[in-house]
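**Student:** In order, the protein sequence lines correspond to chains A, L and S. First residue of the first sequence? That's 6 in the numbering used here, and the numbers climb one at a time after it. First residue of the second sequence? That's 6 in the numbering used here, and the numbers climb one at a time after it. First residue of the third sequence? That's 6 in the numbering used here, and the numbers climb one at a time after it. Sharing a structure here in structure tokens format.
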Amino acid sequence: MTVELYEITIGTSKDTDIIDLTAMVGENAESSTIQEGAVFLFTPGSTAALTTIEYESGVIKDLKDAIARIAPENLYYEHNERWGDGNGYSHVRASLLGPSLHIPLVNGRLTMGTWQQIVLLDFDNRPRKRRIIMQVIGD
Amino acid sequence: MTVELYEITIGTSKDTDIIDLTAMVGENAESSTIQEGAVFLFTPGSTAALTTIEYESGVIKDLKDAIARIAPENLYYEHNERWGDGNGYSHVRASLLGPSLHIPLVNGRLTMGTWQQIVLLDFDNRPRKRRIIMQVIGD
Amino acid sequence: MTVELYEITIGTSKDTDIIDLTAMVGENAESSTIQEGAVFLFTPGSTAALTTIEYESGVIKDLKDAIARIAPENLYYEHNERWGDGNGYSHVRASLLGPSLHIPLVNGRLTMGTWQQIVLLDFDNRPRKRRIIMQVIGD
Chain A
6 MTVELYEITI GTSKDTDIID LTAMVGENAE SSTIQEGAVF LFTPGSTAAL TTIEYESGVI
66 KDLKDAIARI APENLYYEHN ERWGDGNGYS HVRASLLGPS LHIPLVNGRL TMGTWQQIVL
126 LDFDNRPRKR RIIMQVIGD
Chain L
6 MTVELYEITI GTSKDTDIID LTAMVGENAE SSTIQEGAVF LFTPGSTAAL TTIEYESGVI
66 KDLKDAIARI APENLYYEHN ERWGDGNGYS HVRASLLGPS LHIPLVNGRL TMGTWQQIVL
126 LDFDNRPRKR RIIMQVIGD
Chain S
6 MTVELYEITI GTSKDTDIID LTAMVGENAE SSTIQEGAVF LFTPGSTAAL TTIEYESGVI
66 KDLKDAIARI APENLYYEHN ERWGDGNGYS HVRASLLGPS LHIPLVNGRL TMGTWQQIVL
126 LDFDNRPRKR RIIMQVIGD
């Protein structure tokens with residue numbers, strides 16, 4: 006059993022940028038010597054989150070719309086009163102979705118569905134440089 | 006430290022089928038030689054998710070209602086325009102809930118609350134055969 | 006590779022108590038001999054959840070408001086009809102947020118963002134004593 010550490014770095018735009026990480030995660034997993042175990046993903050920061058989705062522009066738009074219904078940008082947020090950076094909605098969205106995710110690694114391969122991709126959701130209201138901490142734990 | 010792999014397979018119905026996996030996960034955990042570690046669960050596919058709940062028909066209905074308020078079936082979804090399979094709402098729901106979950110294994114037992122069960126939520130609009138990848142990592 | 010087990014116990018109040026666990030998790034992580042790996046957190050029980058947030062009173066209030074829009078306390082819940090404990094909304098909220106979370110441990114340190122804290126959300130409608138199972142898995 007070992008732990009391997011990878012770091013993925015990407016630039017994001019504002020307006021709920023949803024970025025497909027699957028190829029980057031998959032490349033790291035293939036370069037890994039671990040065949041059986043799991044990939045653990047985490048994004049540091051309080052205005053981004055991780056999940057999986059079919060990475061298709063229609064459903065990406067649908068997910069953005071659903072998130073905007075849950076935590077609309079133009080509502081009153083107390084965070085904005087105190088900090089003046091206008092991203093109260095970003096914090097709320099990130100907390101609801103969550104920063105961590107794992108994907109099983111079986112026989113050296115990520116076991117996702119055919120139409121299932123790993124995504125970073127950046128909810129902040131300005132472009133950011135994001136880090137995703139990827140760890141492979143296994144044999 | 007070792008990794009053990011189990012696969013749970015179940016048939017689901019449409020209309021947001023919520024299925025109690027606790028007994029199946031528990032049986033695998035008991036057959037495991039690992040006493041201290043964690044059970045990692047993941048469902049491949051972009052229209053299903055995992056969480057825990059008190060598996061009681063009232064609150065199962067309440068959760069379905071809450072999810073239907075967040076991503077109603079009969080809204081306009083761009084995914085449906087492109088793919089014509091009518092399950093845009095299923096994708097959105099699955100992404101919001103998330104495909105991965107872990108449960109600690111302490112002294113050979115799952116450490117859930119008395120009224121807490123592990124569930125698969127299948128949001129697709131047709132019956133599916135679902136796989137849940139279960140891995141036990143520990144000593 | 007080893008597994009270390011810690012348990013955090015805290016008293017909560019009703020009315021969606023959101024409690025910062027970062028210092029407690031950090032102390033345990035520092036006392037750990039594991040330098041590379043991950044911290045796995047889980048809260049037993051069906052009316053609490055875990056996530057991360059900037060622990061600032063404005064955004065804590067904003068998150069509570071968002072959760073109250075998703076699963077309002079004073080809606081009709083079938084759970085309440087059957088059990089009479091009036092906490093149907095608590096169960097729904099906990100299932101949507103989820104009970105498990107992991108944080109990477111790199112070079113002996115938790116890799117969260119500067120403004121990112123680990124929180125327990127207790128949604129129950131009465132004060133509770135909560136346990137958080139913390140496991141460190143790694144080298």
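C-beta atoms are modelled at their ideal positions from N, C-alpha and C, and glycine is treated no differently.
(1) For chain L, is any of its Cβ atoms less than 8 Å away from the one on Pro-132 (chain S)?
(2) Cβ atoms of Glu-12 (chain A) and Arg-158 (chain A): under 8 Å apart, would you say?
(3) What residues of chain S sit near Ala-140 (chain A), judged by a beta carbon separation below 7 Å?
(4) From Pro-77 (chain A) to Asp-25 (chain A), what does the alpha carbon distance come to, in whole angstroms?
(5) Under 8 Å between the Cβ atoms of Val-124 (chain S) and Thr-21 (chain S)?
(6) Can you name the residues of chain A whose CB is closer than 7 Å to the CB of Val-8 (chain L)?
(7) Can you check which of these residues, L:Phe-128, L:Pro-132, L:Ile-23, is closest to Ser-51 (chain L) by C-alpha distance?
(8) Does the region 35–51 of chain A come within contact of the region 97–111 of chain A, defined as at least 3 CB pairs closer than 8 Å?
(9) What separation, rounded to the nearest whole angstrom, lies between the Cα atoms of Tyr-82 (chain A) and Arg-114 (chain A)?
(10) According to the Cβ coordinates, are Ala-34 (chain A) and Val-141 (chain A) closer than 8 Å?
(11) Closer than 9 Å, Cβ to Cβ, to anything on chain S: give me those residues from the region 94–105 of chain A, in chain order.
(12) Which ranges does the beta strand (DSSP E) cover as unbroken runs of at least 3 residues, wholly within the region 109–141 of chain S, from first to last along the chain?
(13) Whose CA, out of L:Gly-16, L:Thr-7, L:Gly-91, lies closest to the CA of Gly-63 (chain A)?
(14) What did DSSP end up calling Ala-73 (chain L) once you bin it into helix, strand or coil?
(15) Note down, in chain order, every chain A residue with its Cβ under 9 Å from the Cβ of Tyr-82 (chain L).
(16) Please confirm whether Glu-59 (chain A) has its beta-carbon closer than 8 Å to some beta-carbon of chain L.
(17) I'd like to confirm the pairing. Which residues does DSSP put opposite Glu-83 (chain A) in its beta bridges?
(18) Can you find a CB in chain S that lies within less than 8 Å of the CB of Trp-88 (chain L)?
(19) Leaving aside the five residues before and after Glu-3 (chain A) along the sequence, list all residues of the same chain whose C-beta is less than 6 Å from its C-beta, in chain order.
(20) Thinking C-beta only, is Ser-95 (chain L) closer than 8 Å to Ile-58 (chain A)?
(21) Apart from the five residues on each side of it in sequence, which residues of its chain come closer than 6 Å, Cβ to Cβ, to Gly-93 (chain A)?
(22) Between the beta-carbon of Val-97 (chain L) and the beta-carbon of Leu-126 (chain A), is there less than 8 Å?
(23) Taking only beta carbons into account, state which residues of the region 18–34 of chain L come closer than 8 Å to chain S, listed in chain order.
(24) Pick out whichever of A:Gly-42, A:Gln-121, A:Asn-79 has its Cα sitting closest to the Cα of Tyr-60 (chain A).
(25) Spell out the partners DSSP gives Glu-9 (chain S) in its beta bridges.
(26) Name the one or two DSSP bridge partners that Thr-14 (chain S) has.
(27) If Met-1 (chain S) sits next to Met-6 (chain A), beta carbons under 8 Å apart, how far is it from one beta carbon to the other, in whole angstroms?
(28) Using DSSP bridges, identify the partner residues of His-107 (chain S).
(29) Compare the beta carbon distance of Arg-133 (chain S) and Thr-17 (chain S) with 8 Å and say whether it is the shorter of the two.
(30) Taking Thr-38 (chain S) as part of the alpha helix (DSSP H), name the residues at either end of that continuous run.
(31) Quick check: the Cα distance between Gly-143 (chain S) and Glu-41 (chain L), rounded to an integer number of angstroms?
(32) Counting along the chain, where does the beta strand (DSSP E) carrying Leu-55 (chain A) start and finish?
(33) What does the alpha-carbon distance come out to for the pair Ala-53 (chain A) and Gly-118 (chain A)?
**Tutor:** A quick look at the data gives this:
(1) no
(2) With chain A represented from 6 up to 144, any question about residue 158 (chain A) goes unanswered, as that position is not in the structure.
(3) This sequence places Gln at residue 140 (chain A); Ala is not what is there. Here the neighbours are Ala-43, Pro-109.
(4) 23 Å
(5) no
(6) Glu-41, Gly-42, Gly-143, Asp-144
(7) L:Phe-128
(8) yes
(9) 43 Å
(10) yes
(11) Tyr-94, His-96, Val-97, Arg-98, Ala-99, Ser-100, Leu-101, Leu-102, Gly-103, Pro-104, Ser-105
(12) 122–127
(13) L:Gly-91
(14) helix
(15) Gly-63, Val-64, Lys-66, Asp-67, Asp-70
(16) yes
(17) According to DSSP, which records beta bridges pairwise, Glu-83 (chain A) is partnered with nothing at all.
(18) no
(19) The displayed coordinates of chain A run from 6 to 144. Any statement about residue 3 (chain A) would go beyond what the structure contains.
(20) no
(21) Tyr-82, His-84, Asn-85
(22) no
(23) none
(24) A:Gln-121
(25) S:Val-141
(26) S:Arg-136
(27) In the structure as shown, chain S begins at 6 and stops at 144. Residue 1 (chain S) is therefore absent and cannot be evaluated.
(28) S:Phe-45
(29) yes
(30) Unbroken run through Thr-38 (chain S): none, as it is neither H nor E.
(31) 13 Å
(32) 53–58
(33) 23 Å
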